[in-house]
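S.K.: According to this note's numbering, the sequence shown is numbered sequentially starting from 2.
From the three backbone atoms N, C-alpha and C, an ideal C-beta is built for every residue, glycine too.
Here it is: the structure, laid out below.
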Amino acid sequence: MNKALPLLAAGLALAALLPAPASAQLGSRAEEQTFDYDPGAAAAEKVKASPAEVTFEDAEIVNHPVYGTIVLSKYRWRNWVTRALYLTLINIALLAIILAMPRSDEVNLIVGYTLCGVSMTVSFWIVLCAVLILTLKAAAWTYVLPVGLVSGAVGYLVLMRIKKSDISLTELKESFQKMNAPATEDPRLNSVPGTPGDWPGDDFLR
2 MNKALPLLAA GLALAALLPA PASAQLGSRA EEQTFDYDPG AAAAEKVKAS
52 PAEVTFEDAE IVNHPVYGTI VLSKYRWRNW VTRALYLTLI NIALLAIILA
102 MPRSDEVNLI VGYTLCGVSM TVSFWIVLCA VLILTLKAAA WTYVLPVGLV
152 SGAVGYLVLM RIKKSDISLT ELKESFQKMN APATEDPRLN SVPGTPGDWP
202 GDDFLR
């Protein structure tokens, strides 16, 4: 009896691991069991998919003489607005980096001039986005164009600020050079008081 219990438990575990028949087909013969679903003629009419319809309400059809018929979206100007927004965010980040940089070193001034050039280029791209939106006959150019012009003006002001710092740094260096000049100048070139007639024997103009 004790030996039969492990065998019975193993048989029950094996039976549990075997795949069970589908409950919907339970009790039917094996040759009648199938996994295909047939709703019937009446139900098939209800679940029949309607054909897809293509409309051109939001499209612009262009008959090109070379490329043929071209279908364009009427809302493609939104892509240029999105591009202008991304460019504006990039320009703001550039200007923030330029303003945060110290301007007490020549290397930082060179980097500042370079980033100002990049900022002015990005502002020009924003203006071009406004022009393209205008060609698409969308009213969004009325607020994209001012953003481009304002960002360009801010970039110009930042450039003038860097230039002012550059001039101040140059003047400071020149003043230090003048302060150090007497120590390195040849003493024979120092000026002496008097006029050419004070030393007749040494006057080369006589």
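(1) Spatial neighbours of Ile163 within its chain, please: CB distance less than 7 Å, with the 5 preceding and 5 following residues excluded, ordered by chain position.
(2) Against chain C, does Gly113 count as a neighbour if the rule is that its beta carbon must be under 8 Å from one of theirs?
(3) Got a sec, what are the start and stop residues for the beta strand (DSSP E) Glu61 sits in?
(4) Any idea which residues DSSP pairs Leu269 with across the strands?
(5) In its own chain, which residues sit with a C-beta less than 6 Å from the C-beta of Leu13, not counting the 5 before and 5 after it?
(6) Could you name the residues of the same chain whose beta carbon sits closer than 8 Å to that of Trp142, not counting the 5 residues immediately before and after it, in chain order?
(7) Which of helix, strand or coil does DSSP assign to Val155?
(8) Around the C-beta of Leu8, are 16 or more other C-beta atoms found within 10 angstroms, so that it is buried, or is it exposed?
(9) Ends of the alpha helix (DSSP H) at Ser105?
(10) DSSP state of Arg207, grouped into three classes?
(11) What is the DSSP secondary structure of Val1, counted as helix, strand or coil?
M.R.: Answer, in terms of the structure:
(1) Mapped onto the sequence shown, residue 163 falls at position 162. Arg104, Leu110, Gly113, Tyr114, Cys117.
(2) Judged by its chain identifiers, the structure shown contains no chain C, having just a single protein chain.
(3) Position 60 of the sequence shown, counted from the start, is the residue given in the question as residue 61. Glu61 -> beta strand (DSSP E) spans 60-65.
(4) Residue coverage of the chain in this structure runs from 2 to 207, which leaves residue 269 outside it and unanswerable.
(5) Position 12 of the sequence shown, counted from the first residue, corresponds to residue 13. So no residue of the chain qualifies.
(6) One-based indexing of the sequence shown puts residue 142 at position 141. If we look at Trp142 and ignore the five residues flanking it on each side, its Cβ neighbours are Ala131, Val132, Ile134, Leu135.
(7) Within the sequence shown, the letter at position 154 stands for residue 155. Assigned with DSSP and collapsed to three states, Val155 falls in helix.
(8) Working through the sequence shown from its first residue, we reach residue 8 at position 7. Leu8 should be labelled exposed.
(9) For the purposes of this step, residue 105 is taken as residue 104 along the sequence shown, with counting starting at 1. If you look at Ser105, you'll find it isn't in any alpha helix (DSSP H); DSSP assigns it neither H nor E.
(10) The residue given as residue 207 occupies position 206 in the sequence shown. Note that Arg207 scores a pLDDT of 49, beneath 50, so its modelled location is shaky and nothing firm can be said.
(11) This structure cannot settle anything about residue 1, because the visible part of the chain is limited to 2 through 207.
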